[in-house]
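Engineer: One point on numbering: in our numbering, the residue at position 358 of the sequence shown is 344, and numbering is uninterrupted.
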Amino acid sequence: MRMYDIIEKKRDGHSLTQEEIQFFIEGYTNNEIPDYQASALLMAIYFQDMTQEERANLTTSMVESGDQIDLSAISGIKVDKHSTGGVGDTTTLILAPLVASVGVPVAKMSGRGLGHTGGTIDKLEAVPGFHVEITNDEFIELVNQNKVAVVGQSGNLTPADKKIYGLRDVTATVNSIPLIASSIMSKKIASGADGIVLDVKTGAGAFMKEIEEAKNLANAMVSIGNQVGRNTMAVISDMSQPLGNAIGNALEVKEAIDTLQGRGPEDLTELCLTLGSQMVVLADKADNIEEARLKLETNLTNGKALEQFKIFLESQGGDASVADSPETLPQSTYKIELPAKQSGTIAKIIADDIGYSAMMLGAGRATKDSQIDLAVGIVLHKKIGDSVQEGESLLTIHANQDAVEDVKEKLYASIDISNTDVEAPTLVYDMIT
Ligand code: URA
Ligand code: CA
């Protein structure tokens, strides 16, 4: 088999066989195929697309390029959730203990944040003592014992995806549905879950700015998952504004604690219940969505979800008392209000820009090796559709520096106040099964 022929075949719009796809993935992962040939093939895929079968084969070859996590020692149906990334997306911190509290085993592999979106592990490390450095055996034992554990991503998970993603980033081939879908799904499948709930974000803060694009990506991922034998569904949700009110690591832990007590922001709570009930049904712990949702709502109000969060934190070295006294989480020195310059209705809170503002305060990493400040971030007091009076605080900046003029300027530029009525955006646009 020759890489030249594979490039030519895709360039001319034909479908590649499973053997051809595997030849490319193995050869590229082992450094036998050079970057220039891989780039040419990626560009051909970008223009010619791939059939469902090719997409599933590409995903499977990427899964097989590295370690595959075996969760078979955990009893029950393991269900994972994946979000395509957003600003202030605190859902994992809430969903992991919440669905575990109704008996769903949650074996979560998570990453750190890069750029303007935060990572679950960074957020959890805001809890004093919490760590994810546990062995695979400990991880599995913890899930069997407590129904929930979080571990860092294995270094050798889907090496083909790492290499290809790096190449796509510099060859203008990131934005391709078959390439994005196979990249995301290969990581989820290699992580070992039996069922996968996808939260595909759309809007200004998301990868897919338009609903139609988000639906196409969701459809592509759901078909890949189902083709390779993992029960998969997707929710299309709004990321035109940040989710919930808090953006920043310790601030989001506090927001998660509030939500686990049934006192969280409305949008964040609703999205957790929507995603969570799908997870519960996939895990066969309820017969239908209504029953699943009722179980989750009950545990948000009777203290069981919060109790599960404490057990989870403690089992990984964390100080569980933060759940009762969140003021012991890292706190910033300065708390600076941002007063509205005019009265009206909030029309826009551009999620990307809010994420970048939090990063300017030190909440996120500019590069892989940057240190992050767990205490800093932003807490919104207004969301799209809310009315505001001139001088009223739009948000609080939690900073460890008192000079935040550039951050304030960026925040003012990313929030629009209108003189006419504006409706709150739809939170869940669609579900794809
Ligand atoms: N996230 C991924 O993991 N892969 C992509 O290709 C795009 C976003
Ligand atoms: Ca949030």
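Here a beta-carbon is modelled for each residue, glycine too, at the ideal position from N, C-alpha and C.
Alpha helix (DSSP H) containing Gly13: first to last residue?
Structural biologist: Gln4 to Thr15
Engineer: Classify Gly341 as helix, strand or coil using the three-state DSSP reduction.
Structural biologist: helix
Engineer: For the candidate residues Val221, Leu246 and Glu256, whose alpha-carbon lies nearest to that of Leu229?
Structural biologist: Glu256
Engineer: May I ask you to report which of helix, strand or coil DSSP gives Pro145?
Structural biologist: helix
Engineer: Go ahead and label Ala158 buried or exposed: buried means 16 or more other beta carbons lie within 10 angstroms of its beta carbon, across all protein chains shown.
Structural biologist: exposed
Engineer: With a CB to CB cut of under 8 angstroms and the five nearest residues on each side skipped, what residues in its chain are close to Lys296?
Structural biologist: Ala306 and Ala309
Engineer: Compute the distance between the beta-carbons of Gly348 and Ile233, then report whether it is under 9 angstroms.
Structural biologist: no
Engineer: Given Ser140, which residues of its chain have a CB within under 6 angstroms of its CB, disregarding the five upstream and five downstream residues?
Structural biologist: Asp53
Engineer: Is the CB-CB distance between Gln294 and Ala86 below 9 angstroms?
Structural biologist: yes
Engineer: Across which residues does DSSP place Ser61 in a beta bridge pair?
Structural biologist: Per DSSP, none; premise fails for Ser61.
Engineer: Run through the segment 313 to 382 for me and flag every whole alpha helix (DSSP H) of 4 or more residues, listed as ranges in chain order.
Structural biologist: Runs found: 337 to 346.
Engineer: Using the beta carbon as the reference atom, which residues fall closer than 5 angstroms to any heavy atom of ligand 1, ordered along the chain?
Structural biologist: Listed by chain position, these are Ile166, Ser169 and Ile170.
Engineer: Quick one: what's got a C-beta closer than 6 angstroms to Ser69's C-beta in the same chain, skipping five residues either side?
Structural biologist: Close CB contacts of Ser69 within its chain, under the 6 angstroms cut and outside five residues either way in sequence, are with Asp75 and Asp185 (chain order).
Engineer: Please report how far the alpha carbon of Asp416 lies from the alpha carbon of Glu198, in whole angstroms.
Structural biologist: 11 angstroms
Engineer: From the DSSP output, in three-state form, read off Ala410 for me.
Structural biologist: coil
Engineer: Could you tell me how far apart the beta carbons of Gly377 and Thr331 are, in whole angstroms, since I believe they sit closer than 8 angstroms?
Structural biologist: Not quite, the Cβ-Cβ distance comes to about 16 angstroms (not below 8 angstroms), so this is no contact.
Engineer: Which full runs of the beta strand (DSSP E) of 3+ residues lie inside the segment 186 to 272, going along the chain?
Structural biologist: Taken in chain order, the complete beta strand (DSSP E) segments of 3 or more residues contained in the segment 186 to 272 are 217 to 224.
Engineer: Starting from the Cα of Ala326, find the closest Cα among Arg351, Leu381 and Val393 and give me that residue.
Structural biologist: Leu381
Engineer: Let me check one thing: in DSSP terms, what residues is Asp402 bridge-paired to?
Structural biologist: Lys334
Engineer: Within the same chain, show all residues whose beta-carbon is closer than 7 angstroms to that of Lys290, passing over the 5 residues directly before and after it, in chain order.
Structural biologist: Ser87
Engineer: Looking at Val136: is its Cβ nearer than 9 angstroms to the Cβ of Gln387?
Structural biologist: no
Engineer: Please classify Ser318 as buried or exposed, where buried requires at least 16 other C-beta atoms within 10 Å of its C-beta.
Structural biologist: Ser318 comes out buried.
Engineer: To the nearest angstrom, how far is it from the Cα of Ala236 to the Cα of Glu111?
Structural biologist: 8 angstroms
Engineer: Keeping to the same chain, check which residues put their C-beta closer than 7 angstroms to that of Ala272; ignore five residues upstream and five downstream.
Structural biologist: Val266, Ala278 and Lys281
Engineer: Using the C-alpha atoms, what's the distance from Thr284 back to Ile(-7)?
Structural biologist: 55 angstroms
Engineer: For Met36, which residues in the same chain have their Cβ closer than 6 angstroms to its Cβ, ignoring the five residues on either side in sequence?
Structural biologist: Pro164
Engineer: Can you tell me whether Lys421 is buried or exposed, with buried defined as 16 or more other CB within 10 angstroms of its CB?
Structural biologist: An answer regarding residue 421 cannot be provided, because it is not within the stretch -13 to 419 covered by the chain.
Engineer: Under 8 angstroms, with one C-beta from each stretch per pair, do the segment 400 to 409 and the segment 203 to 213 reach the 3-pair mark?
Structural biologist: No: the two stretches stay apart, fewer than three of their Cβ pairs being nearer than 8 angstroms.
Engineer: Assuming Met29 and Phe9 make a contact with CB atoms under 8 angstroms, what is their CB distance in whole Å?
Structural biologist: For Met29 against Phe9, the beta-carbon gap comes to about 18 angstroms, at or over 8 angstroms, which does not count as contact.
Engineer: Got a sec? Which residues, its chain only, sit under 6 angstroms from Thr45 by beta carbon, not counting five neighbours each side?
Structural biologist: Ser168, Met171, Ser172 and Ile210
Engineer: In terms of DSSP beta bridges, what is Asp53 paired with?
Structural biologist: Leu143
Engineer: At the level of alpha carbons, what is the spacing between Asn17 and Arg249?
Structural biologist: 52 angstroms
Engineer: For Ile345 and Glu276, what's the separation of their Cα atoms in angstroms?
Structural biologist: In the sequence as presented, Ile is not what sits at residue 345; that position holds Met. So the alpha carbons of these two residues sit roughly 39 angstroms apart.
Engineer: Which partner residues of Ile418 appear in the DSSP bridge assignment?
Structural biologist: Ala220
Engineer: Roughly how many angstroms separate the alpha carbons of Leu259 and Gly72, rounded to a whole number?
Structural biologist: 18 angstroms
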